[in-house]
Structures are given as C-alpha cells and as structure tokens.
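For the numbering used here, count along the sequence shown from 1 and bump the result up by 161.
Note that beta-carbon positions come from the ideal geometry of N, C-alpha and C, so glycine has one too.
See structure below.
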Amino acid sequence: MRRLGAAALLAGLIACRPAAPGLTLLFFNRSPVARLGALSWAADPDSSRILGFDDALRVAQVIAGPRLATPVSVASLGHELLITERTGQAVVFDSAGAFVREWDSPFPASVYAASSGTTVAARSPYYVPFEAEPDTAPLLTLLDSLGRVVGRVGTVHMPRVPFFVELANAGAVATDTNGSVYFAPYVRDELSKYDQSGALRWRMSRDRYATESDPALVPSGRTAAARYAIVNYAMALGHGRLYVLGASDSSGTAGRVDVVDTASGALLESRPLGPEETAVALRSDGVVVTFDADSLRVGAAPTGPSAMPSFALPDTAGDTVRLASLRGRVVLVNFWASWCDPCRAEFPNMAALYRDFPREELELVAISDDVARADMLRFIREFRPPFPVLVGAGQMKARYHYRGLPYSVLLDRQGRVIERIFGFGGAEEFAALRAAIAKAVRVP
C-alpha cells in the first residue's frame, strides 16, 4: 500500500498533545536527536549546550562548556555522543558530559549518523562551504569508531553549476542497525536508501520542487546569487519507519514531517508543521507527537553566558595585555594568522568596525596565532591595524579549542560571551556583528 487515507493516517500517526511517558525525541528545531541510554540528546545552539530529555521530555541533563560553541547535531557513537558544530567540525563527549576527543571532518563540513558500529558522514546542511570536488567524490563516507575513513557510499551528484557541488550534495543522513544508510539532499526533492554494501536499494521523490532540482545562479545587482529549494533538514528512524523533517515551501519557512516506509521507500504520509511545532517525538506505540521546542527547553536550568578563558599576552612592543583589564567595555577578540587567506579578507572589515565605536564602548584585540614572529610583523606592516595585536605564538588553538581561523568572540562588559563568529562571512556578517555590538554597548 503506497498511500493511506490522509484523515485515517493523520489521526493514527501524528498528533499534538501534552507530553506523556514513553516519548523519544526525533527532532529538536531543525536538528536530529540522538538516543543514548535513557535520554534523547538534542543540540541547543543558542545556549551552546546539549540537552538530555527523559521519556516525558523533561530536561534531565545538560552538557555545556568551552568545548561547545554552536552545536547543531548529535549522534550516538556507542556509549558516547558525537556532536557536530555549525562549522562542520565535531567533538565527542561521554554521557556524563566529559569531553573525550576531537573528531576530524572527512568533508569541509560534515554531519553524522551512527548505529551499531556504522558511522556515516554527509556534507553538512548547516554550514556549506563552496569548494570544488571531482565527479568521482563519494556522496557519503563510512567511518570507524575513531573517525577514520573505512569506506564510501554512492557518488557525488554534479549540479549544472559545478561551483555548487557542496550545496547540491549536503543533506541529512541516518543509518539503522542493519547497516542500511538513508540520505536526503538538503536542496533536492529526493530520498535514497543504500544497503551495507553501498548498493542503492531505492530512491524516491515527493514531486514537490521539480523546477528547482539543482541550485542555479540568478542575477543579483552586479553579482549573481544562488537560487535553490530547501527541502530536507534531518532524518530519524523508529518503529520500522523513516521520519524526514523538511520544508513545505522552497524558502524553508514552513516545516513538514514525512513518514516513509524503510523497506519500499513508499511515502506513507506528510504533515505540514505549524510555526510552534518545532520539536517532533515518537511515542512508544508509534504515534508521532509535536511540541514547541521552547516549551521543552523551559525545564533546563539557564546556563547563562559563559566566560571566555582569560589571557595575559604580550603586544608587539612586549607589554602584557590582560583580558581582565578590559572589563567594563564590550570586547571583540579576534584570532588570526598571516597564512590564513580569510583572515586577510577580514582584517579591513575589522579595522572599519573598530573605528565605528569609541574606545570607552568597544575594545578590539587581534591575537596572532603565527608561530614565526617575522610572519606576524610582515602582516601587520601590510595591513597597519588600528587596534592592538597580541602575540599568541601558535599556542592559542590548544587553549581556546577553535577549529579554524579566523575566529572571533564578542564579550559583554562583564566578560561574558555574547557571540562566537567562525570564519569570514563578508559584509552581511559584519553588519550583523555591528548591530550586536551596538546592542551590547547600550547595556550598562
């Protein structure tokens, strides 16, 4: 039976009702949730933490700390949690909240699924770098328990515009206890199942966005922009069915849950989600229930803004600058290195931002992570920054746990983290950063 009556299936499969015991969280906002032990673990990126929900969807445990910046996805890795950051890098924690190890990404930015010893990496839909790839690149990568590549699944889909290869192949991934792998592209109306040998078992389409099957370039002023349909966010498995969280409209503003038969790929039912139906759970009897994610988060004790680990570093003249001495002002700490091309692109924007605010309101310190002092000084002579430059001497990554440069941290007047900025996002990112600083300086 490929399709069931809408009224009957909606009544039996999907409901919206108060929390009750026996619930397993599937999706929290636009992210997949991992089941480990007796808890469902969900990313809470706005608060830089992971929430563990019990079977009544009450917050039973919170994982937070300097190793977590903007977590967007959680997968169960044996007895541990594999947590993906927005940047596509990942870290491993145990269920008690202790950091275990870093996890290298096989793609420029990855997202993961794991089950019964099988770990699968896909290109992350949460952060898409634009990098060229050959048409022989794998669609998905199989990893062992330490994150080492042990196999590949499928072949990358080459879009009409090769520049969009990462975007066209980013997507949601899930794997079951039999080693089967499911993949749903972020921007194409498609779902696929592969068996444990990597052979394609089925591929299906819901016939929603036939005119936007690949990202396309469209004129935008003097430049060109990408046009694409946002289709699939995340996937989860349960009760022999595949649950797909995606969009009902190409702009991605309206959510949708699709229920798919794992054996045949038949679409059993679809249900649009209202603006407050932002968490999806599965009851022990197979009924899907929806909630407002904010209402579930209420049970978590507020962690509050975290503090940035302090520093006492020399500037280029040899005088020591301490982070504690900057309290009372909003502070932007920027980590960079002379060999980092995005840092070179970002530095003039940092200089312009610095000049926009008086010193009693904003201080900006740029910490060089160059090992060679001569390289740092050559960079400084070229860009002549108006703000202080401190000497990190290649020791900063081990202390502040960033996964790439540039990396910036915005602090309020009490030294608490307001925002973390990964990479260089251009003029749009700096406009948002300028607005965040303006808001922060208004707070006494």
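- Distance from the Cα of GLY435 is smallest, within the candidate group SER425, SER529, LEU406, for LEU406.
- In this structure, LEU301 sits near VAL314, with a CB-CB distance shorter than 7 Å.
- By the neighbour-count criterion, in which 16 or more other beta carbons inside 10 Å mark a residue as buried, VAL441 falls on the buried side.
- Boundaries of the alpha helix (DSSP H) around SER456: 454 to 458.
- As for any alpha helix (DSSP H) of minimum length 4 sitting wholly inside the segment 398 to 456, there is none.
- In this model, VAL604 and PHE544 are separated by some 32 Å (Cα to Cα).
- Restricting attention to beta strand (DSSP E) runs no shorter than 3 residues, the segment 178 to 266 encloses them at 184 to 189, 195 to 197, 200 to 205, 210 to 214, 220 to 225, 232 to 238, 241 to 246, 251 to 255, 260 to 264, ordered along the chain.
- About 5 Å separates the beta carbon of GLU507 from that of PRO567, a gap short enough to meet the 8 Å contact definition.
- Boundaries cannot be given for ASN339, as no alpha helix (DSSP H) includes it and DSSP labels it neither H nor E.
- Residue pairing for GLU524: DSSP places it in a beta bridge opposite VAL492.
- Residue state for GLY312 is assigned as strand, using DSSP reduced to three classes.
- Linking ALA408 to ARG560 through their CA atoms gives a straight-line distance of about 40 Å.
- If you draw a 10 Å sphere on the C-beta of GLY479, you find fewer than 16 other C-beta atoms in it, and that means exposed.
- Annotation for PRO206: THR231, PRO232, VAL233, ARG247 place their beta carbon closer than 7 Å to its own, counting only its chain and skipping 5 residues before and after.
- The beta carbon of SER201 lies closer than 6 Å to those of THR185, LEU186, VAL194, PHE214 in the same chain, with the five residues before and after it left out.
- Shown here for PHE189: same chain residues with a beta carbon closer than 6 Å to its own, the five before and five after excluded, namely ALA203, ALA440, ALA454 in chain order.
- Taking LEU328 as the centre and dropping the five residues before and after it, the same chain places the C-beta of VAL289, PHE291, PRO320, TYR347, VAL348, PRO376, ALA387, TYR389 closer than 8 Å to its C-beta, in chain order.
- In the displayed model, ASP536 falls within a helix according to three-state DSSP.
- Around the beta carbon of ASP350, 16 or more other beta carbons sit within 10 angstroms, so the residue counts as buried.
- Counted as a single uninterrupted DSSP element, the alpha helix (DSSP H) harbouring ARG560 occupies residues 557 to 561.
- One thing to note: MET557 has its Cβ within 7 Å of the Cβ of PHE496.
- Within the same chain, MET319 come within 6 Å of ASP296 by CB-CB distance, once the 5 residues on both sides are set aside.
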